[in-house]
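Enquirer: Here the protein sequences come in this chain order: P and C. Just so we're aligned: the first sequence equals residues 105 to 304 in our numbering. Just so we're aligned: the second sequence equals residues 317 to 696 in our numbering. All C-beta atoms in this analysis are idealised placements derived from N, C-alpha and C, irrespective of residue type, glycine included. From a predicted model like this one, the values you see are computed outputs, not experimental measurements.
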Amino acid sequence: MITPARSGRSDFEAIAARVAPGSSVLDLGCGDGQLLDYLKQQRRVRGYGVEIDDANVLACVKNGVNVIQSDLERGLAGFDAGTFDYVILSQTLQAMRHTEDIVMEMLRVGRQGIVTFPNFGHWESRLQVMAGRMPVSQALPYQWYDTPNVHLCTINDFEAFCASHGIRVLERVVLRNGRPVTLLPNLLGTLAVFRFEKRT
Amino acid sequence: MGTAALDQSVGAVKAQTMRFDTPLVFRSGAVLDQYELAYETYGALNSDKSNAVLVCHALNASHHVAGWYEGQPDNIGWWDNMIGPGKPLDTNRFFVVGVNNLGGCFGSTGPASINPKTGKPHGSSFPVVTVVDWVEAQARLADRLGIARFAAVMGGSLGAMQALQWTIDHPGRIGSAVVIAAAPKLSAQNIAFNEVARQAITTDPDFRGGDFYQHGVVPRRGLRLARMIGHITYLSDDAMMEKFGRTLSAESIRYHFDVDFEVESYLRYQGDKFAEYFDANTYLLITRALDYFDPAQAAGGDLARALSAARAKFFVASFTSDWRFAPERSREIVKALLDNRADVSYAEIDAPHGHDAFLLDDPRYHALVRAWFDNIHAAL
Numbered sequence: 105m106i107t108p109a110r111s112g113r114s115d116f117e118a119i120a121a122r123v124a125p126g127s128s129v130l131d132l133g134c135g136d137g138q139l140l141d142y143l144k145q146q147r148r149v150r151g152y153g154v155e156i157d158d159a160n161v162l163a164c165v166k167n168g169v170n171v172i173q174s175d176l177e178r179g180l181a182g183f184d185a186g187t188f189d190y191v192i193l194s195q196t197l198q199a200m201r202h203t204e205d206i207v208m209e210m211l212r213v214g215r216q217g218i219v220t221f222p223n224f225g226h227w228e229s230r231l232q233v234m235a236g237r238m239p240v241s242q243a244l245p246y247q248w249y250d251t252p253n254v255h256l257c258t259i260n261d262f263e264a265f266c267a268s269h270g271i272r273v274l275e276r277v278v279l280r281n282g283r284p285v286t287l288l289p290n291l292l293g294t295l296a297v298f299r300f301e302k303r304t
Numbered sequence: 317m318g319t320a321a322l323d324q325s326v327g328a329v330k331a332q333t334m335r336f337d338t339p340l341v342f343r344s345g346a347v348l349d350q351y352e353l354a355y356e357t358y359g360a361l362n363s364d365k366s367n368a369v370l371v372c373h374a375l376n377a378s379h380h381v382a383g384w385y386e387g388q389p390d391n392i393g394w395w396d397n398m399i400g401p402g403k404p405l406d407t408n409r410f411f412v413v414g415v416n417n418l419g420g421c422f423g424s425t426g427p428a429s430i431n432p433k434t435g436k437p438h439g440s441s442f443p444v445v446t447v448v449d450w451v452e453a454q455a456r457l458a459d460r461l462g463i464a465r466f467a468a469v470m471g472g473s474l475g476a477m478q479a480l481q482w483t484i485d486h487p488g489r490i491g492s493a494v495v496i497a498a499a500p501k502l503s504a505q506n507i508a509f510n511e512v513a514r515q516a517i518t519t520d521p522d523f524r525g526g527d528f529y530q531h532g533v534v535p536r537r538g539l540r541l542a543r544m545i546g547h548i549t550y551l552s553d554d555a556m557m558e559k560f561g562r563t564l565s566a567e568s569i570r571y572h573f574d575v576d577f578e579v580e581s582y583l584r585y586q587g588d589k590f591a592e593y594f595d596a597n598t599y600l601l602i603t604r605a606l607d608y609f610d611p612a613q614a615a616g617g618d619l620a621r622a623l624s625a626a627r628a629k630f631f632v633a634s635f636t637s638d639w640r641f642a643p644e645r646s647r648e649i650v651k652a653l654l655d656n657r658a659d660v661s662y663a664e665i666d667a668p669h670g671h672d673a674f675l676l677d678d679p680r681y682h683a684l685v686r687a688w689f690d691n692i693h694a695a696l
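#1: Which bits of chain C does Thr187 of chain P rub up against, with CB to CB less than 8 Å?
#2: Taking the C-alpha atoms as reference points, what is the distance between Ala652 of chain C and Glu209 of chain P?
#3: Just the Cα atoms here: how many angstroms apart are Cys421 of chain C and Val444 of chain C?
#4: Please state if the CB of Ala479 of chain C and the CB of Gly471 of chain C are separated by a distance shorter than 7 Å.
#5: So within the region 350-415 of chain C, which uninterrupted alpha helix (DSSP H) runs reach at least 4 residues, ignoring any that extend past its ends?
#6: What whole-angstrom Cβ distance do Phe442 of chain C and Leu361 of chain C have, given they're in contact under 8 Å?
#7: Please state whether DSSP places Arg680 of chain C in a helix, a strand or coil.
#8: Within 10 angstroms of the Cβ of Thr107 of chain P, are there 16 or more other Cβ atoms? Answer buried if so, exposed if not.
#9: How long is the line joining the alpha carbons of Val415 of chain C and Ala243 of chain P, rounded to whole angstroms?
#10: Ala498 of chain C lies in the alpha helix (DSSP H); which residues open and close that run?
#11: Exposed or buried, which one is Gly318 of chain C when buried takes at least 16 other CB atoms within 10 Å?
#12: Would Ala118 of chain P pass as a contact of Val285 of chain P if the rule is Cβ separation under 7 Å?
#13: Rounded C-beta distance between Gln198 of chain P and Cys266 of chain P? I'm assuming under 8 Å.
#14: To the nearest angstrom, how far is it from the Cα of Gly135 of chain P to the Cα of Val451 of chain C?
#15: Flag Ala476 of chain C as yes if its beta-carbon sits less than 7 Å from any beta-carbon of chain P, otherwise no.
#16: Take Arg110 of chain P and list the residues in its own chain whose beta-carbon comes closer than 8 Å to its own, dropping the five residues that flank it on each side.
#17: Which residue's Cα is closest to the Cα of Gly587 of chain C: C:Gly475, C:Lys501, C:Met544?
#18: By Cβ distance, which residues of its chain are closer than 6 Å to Met238 of chain P, with the 5 residues on each side in sequence left out?
#19: If the cut-off is 8 Å on Cβ atoms, which residues from the region 136-167 of chain P count as contacting chain C, listed in chain order?
#20: Starting from Asp485 of chain C, trace the alpha helix (DSSP H) both ways and give me its first and last residue.
#21: Taking Cβ-Cβ distances shorter than 8 Å, what residues in chain C pair up with Ile172 of chain P?
#22: I need the DSSP call for Gly293 of chain P, collapsed to helix, strand or coil.
#23: Would you list, in chain order, the members of the region 664-691 of chain C that have their beta-carbon closer than 7 Å to a beta-carbon of chain P?
#24: Just the Cα atoms here: how many angstroms apart are Lys330 of chain C and Gly532 of chain C?
#25: Are the C-beta of Arg627 of chain C and some C-beta of chain P separated by less than 7 Å?
#26: How long is the line joining the alpha carbons of Asp672 of chain C and Arg645 of chain C, rounded to whole angstroms?
#27: Using CA atoms only, rank isn't needed, just tell me which of C:Ile517, C:Pro427, C:Gly488, C:Arg456 is closest to Pro535 of chain C.
#28: Provide the residue span of the alpha helix (DSSP H) that contains Tyr550 of chain C, from first to last.
#29: If the cut-off is 8 Å on Cβ atoms, which residues from the region 125-136 of chain P count as contacting chain C, listed in chain order?
#30: Counting C-beta neighbours from all protein chains within 10 Å, is the total for Gln454 of chain C 16 or more, i.e. buried, or is it exposed?
#31: Could you check what DSSP says for Ala320 of chain C in three-state terms: helix, strand or coil?
#32: Taking the C-alpha atoms as reference points, what is the distance between Glu592 of chain C and Trp482 of chain C?
#33: Looking at the C-beta of Arg335 of chain C, does it have a partner C-beta in chain P at a distance below 7 Å?
#34: Among C:Ala377, C:Arg343, C:Thr333, C:Asp678, which one has its Cα closest to the Cα of Asp449 of chain C?
#35: Using the beta-carbon count (16 or more within 10 Å), is Ser268 of chain P buried or exposed?
#36: Taking Arg647 of chain C as the query, report the chain P residues whose CB atoms sit under 7 Å from its CB, ordered along the chain.
If you want it as C-alpha cells, here you go:
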C-alpha cells in the first residue's frame, strides 16, 4: 500500500495538540516524515514512522526521521504490545485494505490511537453523489478509477465502528480549512481527528 | 566500470601495517603477545578528528576497501562502488579506515604468519578469534590512529556484525552504526553451511591438521569446495537462474560427470580462483567467528538487553532476496533497538541478487546510504 500524499499540514496541529510532550509515537504510513518532524519539534516526541514506499523511506532518512520500512497491511508484528504512547494513522485509514486489523493493531502496540481521515459525509460529497457522480474535492482529489482510497467513511461511520469494536473515543475534532467545526460536523467538516483507546 | 566511476575512485592506495606489542587476550582465553594489523585509509582526518569511519569486512574480504594498488589497476577495493570521492561514503568528507581482521590472510597477523616463539607459522595453534576480539583489535588501531570516536562504523554481513558489536562494546566511541545484510546470530542452517565448508577443508589430505605450510602444500580441493558452497548461499535462486539458467557449456549434454552446465563451470572457476589466494585456516577461523557471534548470549538471550547500552544511531538495511541473512533477521535487530527506543531507521531493499546485493550498486540502496552519511556529515 502506498500512502496517499498528505494534503498539507491541515491535521498536523490538531494531532500535535493531542500528543503529550516527550511521549513516544509511532506514525503509520508516515510518508516523508513531515508529521514526525513536526511532532519532534513541537512536542519533543520520540518518534518512529512506518512506511512501505522506497521514495518515502529515503525522504525520511533525508529528513532525519526514524523510519521502519514495512507493509502496514501485514500488521505490526515487529512491534511489541504497549510499546508506544500513541500510534497515529494520519489520512491513511481510508487507503488501508485491512482497516479493522490495523485499528486493532494500533491499540495493541499503543496505549492510544489517533486517526485522521477525510469525512465522506461532507455536504459536497453528498451533493456530488446525489448528482450521480463519485465525489471529487480538495480533500478527496481522486477519480473513482485512480483513487487509493478503498475504505472511505463518514464521521458517524467511524463512531459506529468504534462502538462496535470495543473502542472508547477520548476526543473527536472535526475540521474545515483547519478550523474546528462544531455545528453539524458530519455535514460541514472535511477532516476528522479521533483520539481513542481500548475499552477495558 | 564507466569513466564516471573511475573519476570517483580514491585512486592508487597503499596498505599500511601497524604493529602492536601489548598482548591481546582473546575471548577464548588465548593470548597473542604481538600482532600486526594491515589497514588502509582514504580521505583526510579533520582537525577535531570527528570524521573517521571504520569499514569492517566480511568473510573473504580485506582492508583493501577502495581504490587500487599501484601497478595493479584491476586490484580494486571490495567496496569501491560505495566509497570514494562523491560516492555514498564520500572520502572528500570522511576519513575512511579499512582493516584486515586478526586471523586474516591479507597482511594482518594470521595462521600463516610466523609465530615468534616457534619460528614457524601459527597454523593450527592460532587462537580461535571472535567478533569481540576483532572489535577490540580495531579499537586499539583507532587509538593508535588518534581516533577517539568513529562518526560511523559500517559493514555488510559479518562486517555488519562487527558494527553491531562496536555499539555494545564501545558505546561512547561510535556515533552511528551502518548495519547491512546482517543477523543478530546465525541460524542452525547458517552454521550447517559453515560446517560443510569447514569439513571440506579439514578433510582435504593436504590440510595436515592445519599445519600444511611446513609441508609445502595447500588444501586447494577443500578451499575450492568451501568457496563453492559459500557462493551458492550468497546468490538467490532467481539470480542464479537469471545468470546461468540451464545453459550448457557444450552443445548438448554429454552423459558424464564433468562440466555440462554453465553454473558448474562458474562455481569451479570461483573455487579455483579462491583457492589460489585464500588461507584455509583463515576460512575456518572466520566461519567460526560467524557461528559464535551472539551478542544476546551475554544478556541471557535478550538482544534488547544486550543492546541497551548502545547509544549510536542505527541504519539497518536488508535485501528481500537474501536467504542467507533474510530480512527477518535484520528485523530482529530493529525490534531490539525499538525496545530500547534507540534511533533506528530500517530499509528493506527489493533487490533480486541475494546476500551479495550488499556489494552491488543498487541505486535505492546507495541513495539511502548517501543520505545517511549526508546527515552524519551535516552534524559533524
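Expert: From the atom records:
#1: Ordered by position in chain C, the residues that pass the 8 Å Cβ test against Thr187 of chain P are Leu654, Asp655.
#2: Within the model, the alpha-carbon separation for Ala652 of chain C versus Glu209 of chain P is close to 19 Å.
#3: Near 14 Å, if we compare the C-alpha coordinates of Val444 of chain C and Cys421 of chain C.
#4: Ala479 of chain C is positioned such that its CB atom lies closer than 7 Å to that of Gly471 of chain C.
#5: Fully enclosed alpha helix (DSSP H) runs of 4 or longer: not present.
#6: For a cut-off of 8 Å, the C-beta gap from Phe442 of chain C to Leu361 of chain C is around 32 Å, too long to register as a contact.
#7: Arg680 of chain C: helix per DSSP, three-state reduction.
#8: Residue placement at Thr107 of chain P cannot be trusted, given a pLDDT of 42 that sits under 50; the coordinates are not used to answer.
#9: Going by the C-alpha atoms only, they are around 55 Å apart.
#10: Per DSSP, Ala498 of chain C belongs to no alpha helix (DSSP H) and is neither H nor E.
#11: Legend: pLDDT at Gly318 of chain C = 44, less than 50; position of this residue unreliable, value from coordinates given subsequently. A residue is called buried when at least 16 other Cβ atoms come within 10 angstroms of its Cβ; Gly318 of chain C does not meet this threshold and is exposed.
#12: No; because the gap between Cβ atoms is not below 7 Å, this pair is not in contact.
#13: Taking C-beta atoms under 8 Å as the contact rule, Gln198 of chain P and Cys266 of chain P fail to qualify, at a distance of about 16 Å.
#14: Between Gly135 of chain P and Val451 of chain C, the alpha-carbon positions lie close to 37 Å from each other.
#15: No, because no Cβ of chain P sits closer than 7 Å to the Cβ of Ala476 of chain C.
#16: Here Arg110 of chain P scores only 45 on pLDDT, less than 50, and its place in the model is too uncertain to base an answer on.
#17: Per the Cα distances, C:Met544.
#18: For Met238 of chain P, where only same-chain residues beyond five positions count, the Cβ hits under 6 Å are Trp248.
#19: Residues passing the 8 Å Cβ filter: Arg150, Tyr152, Asp158, Val161, Leu162, Cys164, Val165, Lys166.
#20: 474-485 is the span of the alpha helix (DSSP H), which, as asked, contains Asp485 of chain C.
#21: For Ile172 of chain P, the chain C residues whose Cβ falls inside 8 Å of its Cβ are Val650, Leu654, Val660, Ser661, Tyr662, in order along the chain.
#22: In this structure, DSSP gives Gly293 of chain P a state outside helix and strand, which the three-state scheme calls coil.
#23: Those residues of the region 664-691 of chain C that come within reach of chain P (Cβ to Cβ, closer than 7 Å) are Glu664, Arg680, Ala683, Leu684, Ala687, Trp688, Asn691.
#24: Note on geometry: alpha-carbon atoms of Lys330 of chain C and Gly532 of chain C lie some 30 Å from one another.
#25: Against chain P, the CB of Arg627 of chain C has no partner CB under 7 Å away; the residue lies outside that interface.
#26: Each residue's Cα considered, the two are about 16 Å apart.
#27: Ranking the options by Cα distance to Pro535 of chain C, first place goes to C:Ile517.
#28: Element bounds for Tyr550 of chain C: 536-550.
#29: If the cut-off is 8 Å between Cβ atoms, the region 125-136 of chain P has Ser128 near chain C.
#30: With 16 or more Cβ atoms within 10 Å of its Cβ, Gln454 of chain C is classed as buried.
#31: Only weak support exists for where Ala320 of chain C lies, its pLDDT of 48 falling under 50; the value from the coordinates is given anyway. Per DSSP, reduced to three states, the secondary structure at Ala320 of chain C is helical.
#32: Across the structure, Glu592 of chain C and Trp482 of chain C are spaced so that their CA atoms are roughly 32 Å apart.
#33: Not flagged as an interface residue toward chain P: Arg335 of chain C, since no C-beta distance is shorter than 7 Å.
#34: Selected option, being the one with the closest Cα: C:Arg343.
#35: Its Cβ having fewer than 16 others within 10 Å, Ser268 of chain P is exposed.
#36: Residues of chain P whose Cβ lies closer than 7 Å to the Cβ of Arg647 of chain C are, in chain order, Gly182.
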